[in-house]
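Each protein sequence line maps, in turn, to chains A and B. With numbering that gives the first Met the number 0 as the guide, the letters of the first sequence map in order to residues 0 to 228. With numbering that gives the first Met the number 0 as the guide, the letters of the second sequence map in order to residues 0 to 228. For each residue, glycine too, the CB sits at the ideal point set by N, CA and C. All of these numbers come straight from a predicted model, not from anything done at the bench. Notes to accompany the following structure.
2 protein chains.
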Amino acid sequence: MLLTLRSGRLCVLLIQHDQPGSVAWAEPVAPAGPAGWLLPGGFVDGDEDLDAHAARRLAAATGVTGTGHLEQLRTYGGPHRDPRPAGVSVAYLAMLANLPQPPPRPHGPGGRWWPVEDLDTPDGPALVFDHRRIVVDGVERARGKLEYTPLAAAFCEDEFTLADLRRVYEAAWGVALDPPNFRRKVLSTPDFVVPLGRRALPRGGGRPAELYRRGAATALHPPLLRRSV
Amino acid sequence: MLLTLRSGRLCVLLIQHDQPGSVAWAEPVAPAGPAGWLLPGGFVDGDEDLDAHAARRLAAATGVTGTGHLEQLRTYGGPHRDPRPAGVSVAYLAMLANLPQPPPRPHGPGGRWWPVEDLDTPDGPALVFDHRRIVVDGVERARGKLEYTPLAAAFCEDEFTLADLRRVYEAAWGVALDPPNFRRKVLSTPDFVVPLGRRALPRGGGRPAELYRRGAATALHPPLLRRSV
DNA sequence: CCAAAAGTGTTGTCCATACACCCATGG
DNA sequence: CCATGGGTGTATGGACAACACTTTTGG
Numbered sequence: 000m001l002l003t004l005r006s007g008r009l010c011v012l013l014i015q016h017d018q019p020g021s022v023a024w025a026e027p028v029a030p031a032g033p034a035g036w037l038l039p040g041g042f043v044d045g046d047e048d049l050d051a052h053a054a055r056r057l058a059a060a061t062g063v064t065g066t067g068h069l070e071q072l073r074t075y076g077g078p079h080r081d082p083r084p085a086g087v088s089v090a091y092l093a094m095l096a097n098l099p100q101p102p103p104r105p106h107g108p109g110g111r112w113w114p115v116e117d118l119d120t121p122d123g124p125a126l127v128f129d130h131r132r133i134v135v136d137g138v139e140r141a142r143g144k145l146e147y148t149p150l151a152a153a154f155c156e157d158e159f160t161l162a163d164l165r166r167v168y169e170a171a172w173g174v175a176l177d178p179p180n181f182r183r184k185v186l187s188t189p190d191f192v193v194p195l196g197r198r199a200l201p202r203g204g205g206r207p208a209e210l211y212r213r214g215a216a217t218a219l220h221p222p223l224l225r226r227s228v
Numbered sequence: 000m001l002l003t004l005r006s007g008r009l010c011v012l013l014i015q016h017d018q019p020g021s022v023a024w025a026e027p028v029a030p031a032g033p034a035g036w037l038l039p040g041g042f043v044d045g046d047e048d049l050d051a052h053a054a055r056r057l058a059a060a061t062g063v064t065g066t067g068h069l070e071q072l073r074t075y076g077g078p079h080r081d082p083r084p085a086g087v088s089v090a091y092l093a094m095l096a097n098l099p100q101p102p103p104r105p106h107g108p109g110g111r112w113w114p115v116e117d118l119d120t121p122d123g124p125a126l127v128f129d130h131r132r133i134v135v136d137g138v139e140r141a142r143g144k145l146e147y148t149p150l151a152a153a154f155c156e157d158e159f160t161l162a163d164l165r166r167v168y169e170a171a172w173g174v175a176l177d178p179p180n181f182r183r184k185v186l187s188t189p190d191f192v193v194p195l196g197r198r199a200l201p202r203g204g205g206r207p208a209e210l211y212r213r214g215a216a217t218a219l220h221p222p223l224l225r226r227s228v
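Spelled out as structure tokens, the structure:
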């Protein structure tokens, strides 16, 4: 399951489920079930480490290697989940910087980025099998992890401004954050970001922002809590 | 993977791995590898929901049904993890109130509760395969979830005092908490605990404590953060 | 000069910590 | 009466939200 930020909205990559064939990084099932959208996925050959397998797939699919973030989400299993041979699905969650436009589709069913907020609207995609549940779990995981890990940087390019980082939180949480306070909070969290001493190119009015890259922290102390209740 | 609190210490249930046979709730592998300790586990028959399967196993193993907490931890897979036929292991994590003494062992290899703090000491158990990694992951998951979920109540009996609850945090985190402040924090978190209006039996000096049961909250707002840094 | 975005300063409020103190029980 | 543990009150310090203000760019 791939998450990214596009036009200030948190988006998930879905594959149209209505024709046979496969794309470079996805092996959707043959069109036995109802039409709809599903998550890209495939099968493990059996004797490979799960994390390594997922990383290899992700790299093959997107070309992204060093950047972003990839982690295991959860394992879904049991009967009545999809018409494939009974078994379990180990879902992985990837967070990536804005990929170049719609993803490549050499041949086979089309894929596109869907804003997660559109999933439950009439115009949104209908997810087949238990994939809606997986997407909900993944989005909730990402939203939660933004609070206490430096995950937000995975949604940014290697060099980013604090406004870029703030927009990740705003998009994922659907809130507006106060820029001055956000800046102080991030800079006061040790090893969250590292200043590069350079500035971004100005773009249409406004003072150019300083550039940062991700720091070495694996957890945020203190966490950056979302205003709840 | 079963966690509980025994004598104020966080403990994990391990099975001795040195003789064939099986116990009611565990099916350890035949003694092909080195001697040591492993987590109880078994095999899924294929067509059952993973969560339901884990819950059924847990109930069969301990007799515990309504209380405690059970959740999926992570899936571990790939080669070189253990001599069993290649495949993946879906680890589940259960948190339970103090079970009656060492767990039952009708026949087969022995099991016992090990304090997690002893795992890396010379006197501690040597874990085989990748089970040490699983235990570390599970303990860390439990420690983290105490902060932002009402998980601590799962380690207590159905009716408990705030001191019982506090001792869960103290054991899991290895810190001492200030009883007055802990009390205020818990009571000010909506739906964390519900007062019963009764008191526990006094036990050897000291004022009897009020009794509580778990509330309906699924997440703590605000979280009960451990003092870090 | 004006608008827009980045960044700094300031202040009031809230909350957690630390600790003094009171309550209820057993010996 | 004392020791022990449960429960309440309270002052102080730190953190954060809100917002005024300065800086630096494009038009």
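When the beta-carbon positions are compared, Leu57/B and Leu72/B stay at least 8 Å from each other. The C-beta distance from Pro222/A to Glu146/A rounds to 5 Å, short enough to fall under 8 Å. Gly143/B and Arg225/B have their alpha carbons spaced roughly 9 Å apart.
The way I'd put it, the segment 111-131 of chain B does touch the segment 1-14 of chain B; three or more beta-carbon pairs between them come closer than 8 Å.
Assigned with DSSP and collapsed to three states, Glu146/B falls in helix. CA-CA distance, Arg55/B to Ile14/B, rounds to 19 Å. Under the criterion of beta carbons closer than 8 Å, Leu4/B and Phe154/B qualify as touching, at roughly 5 Å. One thing to note: Gly76/B has its Cβ no nearer than 8 Å to the Cβ of Val63/B. Residue contact with chain B for Asp157/A: absent (no Cβ-Cβ distance below 8 Å to any residue of chain B). By DSSP's assignment, Leu57/A forms no beta bridge with any residue.
Annotated three-state conformation of Arg212/A is strand, per DSSP.
When rounded, the separation of the alpha-carbon atoms in Val193/A and Arg183/A is 14 Å. With respect to the C-alpha of Arg197/A, the residue from Phe191/A, Ser187/A, Asp190/A, Ala208/A having the closest C-alpha is Ala208/A. Between Gln71/B and chain A, the shortest Cβ-Cβ separation is below 8 Å.
Contact annotation for Val89/A against chain B: Thr74, Gly76, Val87, Val89 [CB-CB distance below 9 Å, chain order]. In the assembly as shown, Leu195/A is an exposed residue. Its beta-carbon has fewer than 16 other beta-carbons within 10 Å.
By the C-beta density criterion, Ala152/A is buried, having at least 16 other C-beta atoms within 10 angstroms.
In the assembly as shown, Asp119/B is an exposed residue. Its beta-carbon has fewer than 16 other beta-carbons within 10 Å. Between Ala171/A and Ala125/A, the beta carbon gap of about 23 Å keeps them out of contact (Cβ cut-off 8 Å). Contact between Leu210/B and Glu139/B is ruled out by a C-beta separation of about 31 Å, above the 8 Å threshold.
The Cβ atoms of Gly110/B and Pro39/B lie closer than 8 Å to each other. In terms of Cβ geometry, Thr74/A and Val89/B form a close pair [threshold 8 Å]. Taken through DSSP and simplified to helix, strand or coil, Val11/B comes out as strand. Annotation: Leu164/A to Val43/B spans about 43 Å, alpha carbon to alpha carbon.
Beyond the five residues adjoining it in sequence on each side, Arg131/A comes within less than 8 Å, by CB distance, of Leu118 in the same chain, given in chain order. Sequence-distant partners of Ala162/A (beyond 5 residues in either direction) whose C-beta falls short of 8 Å from its own C-beta, in its chain, are Pro178, Ala208.
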